[in-house]
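To keep things clear, I will list the structure first and then write my remarks on it.
Numbering (this note's numbering), first residue to last: 1 to 385.
Below, the structure is given as structure tokens:
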């Protein structure tokens, strides 16, 4: 007999492929196998599918179709944005501004430019909720600043950044602005003109599309150096034969997100808040990490005093969750994001991230709460307060 699978509460790490997304992809994994660059009928069918998906992504983001560049994922989109601007604009300056709570795809790329290409980097701190002060970013700007990169929503604690305010200030100084929106797209409204961004990264596997596909919004007219060289795919901005099935899946996922965005946002926020109510009523001293209001509707990052997050999840095998970013899975070091928010090392190690999604039910929330409360009791945390 197959054991029952755990309740999945790790949607910020990855999402399952929506059945409607898989159905849209399937023909392009079977009979419609053409290369979009080929001139014959097989290629034309594939090319039309790619362009249809480009329109679907652009409509969700409020962009023009020719401003969407398909990539191999969110990390590649971030790399293309950051390195693309840095290399294209380096005659003007070699200074980049970012924050202490960015995804590794941003921070490590900036550090690479600093280490190998002579750029300088200013890392702006955040407050105790993980939120960056727009004025602090403004003060970090210099005459040689070419790029500011601030993520839209933090992947570990869910805090939503004041991107529009920061981006407007950067663009007012003639500085390009990039945001990693992998966690926010499909969960809250993400419209590129409302946010005033020049570049915005999307990851397919965060929006119920498959892994290995993403997109980068590049504002029309923005000078960008490609980082993958070859033929002139994607308007010369990203070489390589397009992943047609994956791109079709991303397009369909964006269309679904646009259709159901507001009702799903309300549903997830209600489930998240119910999970919090159940946990905080039964676990003395339970701490919430992140902004209590300006936060993704699906994300709950909590800490039980005196209990390591890894121990808590090990004691609750009926829940599939994480202690932080999936990019750091298996670590025993505390989250750099939580340390940047001012938590002590011992407190940061208590963190557990519970992220809900499209297929989370009320029964899942009740079961998860019961399992976590039982695990805390088993570990004796209720006696430590």
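By construction, the Cβ of each residue, glycine as well, lies at the ideal position given by its N, Cα and C atoms.
Q: Please confirm whether residue 12 and residue 155 have their CB atoms less than 8 Å apart.
A: Yes, Cβ-Cβ distance for residue 12 and residue 155 is below 8 Å.
Q) Alpha carbon to alpha carbon, what distance is there between residue 350 and residue 377? A) So the two alpha carbons sit approximately 15 Å from each other.
Q | Cβ-Cβ distance between residue 50 and residue 188 below 8 Å | A | Taking 8 Å as the cut-off, the beta carbon of residue 50 is found no closer than this to the beta carbon of residue 188.
Q: Report yes if the CB atom of residue 431 is closer than 8 Å to the CB atom of residue 175, and no otherwise.
A: The question about residue 431 has no answer here: the residues shown for the chain are numbered 1 through 385.
Q. Run through DSSP, which three-state label would residue 301 get?
A. Look at residue 301 here: in three-state DSSP terms it is strand.
Q) Which same chain residues, not among the five before or five after residue 282, have their C-beta less than 6 Å away from its C-beta? A) If we look at residue 282 and ignore the five residues flanking it on each side, its Cβ neighbours are 373.
Q. CB-CB under 6 Å to residue 7, same chain, minus the five flanking residues each way: which ones, in chain order?
A. These residues qualify, in order along the chain: 319, 364, 367 and 368.
Q: Can you tell me which of the three DSSP states residue 191 falls into?
A: Residue 191 falls in the coil class under three-state DSSP.
Q | For residue 8, the three-state DSSP class (helix, strand or coil) | A | The answer is strand: DSSP assigns residue 8 an E or B state.
Q: Select from 359, 180, 332 and 297 the residue whose C-alpha is nearest the C-alpha of residue 106.
A: Closest in C-alpha terms to residue 106, from the list 359, 180, 332 and 297, comes 180.
Q | Segment contact flag, the stretch 276-290 with the stretch 50-64, C-beta cutoff 8 Å, min 3 pairs | A | No contact exists between the stretch 276-290 and the stretch 50-64.
Q: May I ask you to list the residues that DSSP assigns as paired with residue 216?
A: Paired residue(s): 69 and 201.
Q.
Extract the residue ranges of the alpha helix (DSSP H) inside the stretch 232-317, only unbroken runs of 4 or more that lie entirely within it.
A. Those alpha helix (DSSP H) runs which fall completely within the stretch 232-317 and span 4+ residues are 233-236, 244-282 and 309-314.
Q. So, using beta-carbon positions, are residue 109 and residue 78 closer together than 8 Å?
A. For the 8 Å CB-CB criterion, residue 109 and residue 78 form a contact.
Q. From what residue to what residue does the alpha helix (DSSP H) around residue 185 run?
A. Boundaries for residue 185: no alpha helix (DSSP H) harbours it, and the DSSP string shows neither H nor E there.
(Q) Quick check on residue 76: buried or exposed, where buried means 16 or more other Cβ atoms within 10 Å of its Cβ? (A) Flag for residue 76 reads buried.
Q | Residue closest to residue 210, alpha-carbon to alpha-carbon, out of 73, 43, 279 and 38 | A | The residue with the shortest Cα to Cα distance from residue 210 is 73.
Q. Hey, out of 94, 313, 339 and 121, whose CA is closest to residue 371's CA?
A. Ranking 94, 313, 339 and 121 by Cα distance to residue 371 puts 313 first.
Q. For residue 353, which residues does DSSP report across the bridge?
A. Partner(s): 301 and 322.
Q. Of all the options 178, 58 and 21, which has the alpha carbon lying nearest to the alpha carbon of residue 98?
A. In terms of Cα proximity to residue 98, the closest of 178, 58 and 21 is 178.
**Q.** N- and C-terminal bounds of the alpha helix (DSSP H) containing residue 61
**A.** Under the DSSP assignment, residue 61 falls in the alpha helix (DSSP H) whose first and last residues are 41-61.
Q: Report the residue ranges of all alpha helix (DSSP H) runs contained in full by the stretch 100-188; include only those spanning at least 4 residues, in chain order.
A: The qualifying runs are 104-117, 134-140 and 163-172.
Q | DSSP bridge partner residues for residue 95 (one or two, in chain order) | A | Beta-bridge analysis with DSSP links residue 95 to 120 and 145.
Q | Reduced DSSP secondary structure (H/G/I, E/B, other) of residue 401 | A | The shown model of the chain, from 1 to 385, leaves out residue 401, and the question about it has no answer.
Q: Tell whether a beta-carbon distance below 8 Å holds between residue 130 and residue 159.
A: The answer is yes: Cβ separation under 8 Å.
**Q.** Spatial distance of residue 300 from residue 83 (CA atoms)
**A.** Each residue's CA atom was taken as its position, placing residue 300 and residue 83 some 33 Å apart.
Q) How is residue 22 classed by DSSP in three states: helix, strand or coil? A) Residue state, collapsed to three classes: helix.
(Q) Tell me the rounded alpha-carbon separation between residue 5 and residue 317. (A) In this structure, the alpha-carbon of residue 5 lies about 10 Å from that of residue 317.
Q.
Pop quiz: residue 86 and residue 146 are said to be a contact at Cβ under 8 Å. What is the actual Cβ separation, rounded to whole angstroms?
A. The Cβ separation is near 6 Å, so the contact holds.
Q.
Which of the three DSSP states is assigned to residue 33 in this structure?
A. Coil, per DSSP.
Q.
What would DSSP say about residue 15, mapped onto helix, strand or coil?
A. In this structure, residue 15 counts as coil in the three-state DSSP scheme.
Q) Can we say the stretch 218-236 touches the stretch 38-49, given the rule of at least three CB pairs closer than 8 Å? A) Verdict: no, contact absent.
Q. Excluding the five sequence neighbours on either side, which residues of its own chain have a C-beta within less than 7 Å of the C-beta of residue 217, listed in chain order?
A. These residues qualify, in order along the chain: 61, 63, 67, 68, 192, 199 and 200.
Q. Taking C-alpha atoms, which residue in 28, 358, 168 and 100 lies nearest to residue 205?
A. The shortest Cα separation from residue 205 among 28, 358, 168 and 100 belongs to 358.
**Q.** Three-state class that DSSP yields for residue 222 in the structure shown
**A.** In the structure shown, residue 222 falls within a coil segment according to DSSP collapsed to helix, strand and coil.
Q. Can you name, in chain order, every residue of its own chain whose Cβ lies under 6 Å from the Cβ of residue 225, other than the five neighbours on each side?
A. Within its own chain, the residues whose Cβ lies closer than 6 Å to the Cβ of residue 225, once the five positions on either side in sequence are excluded, are 84, 87 and 88, listed in chain order.
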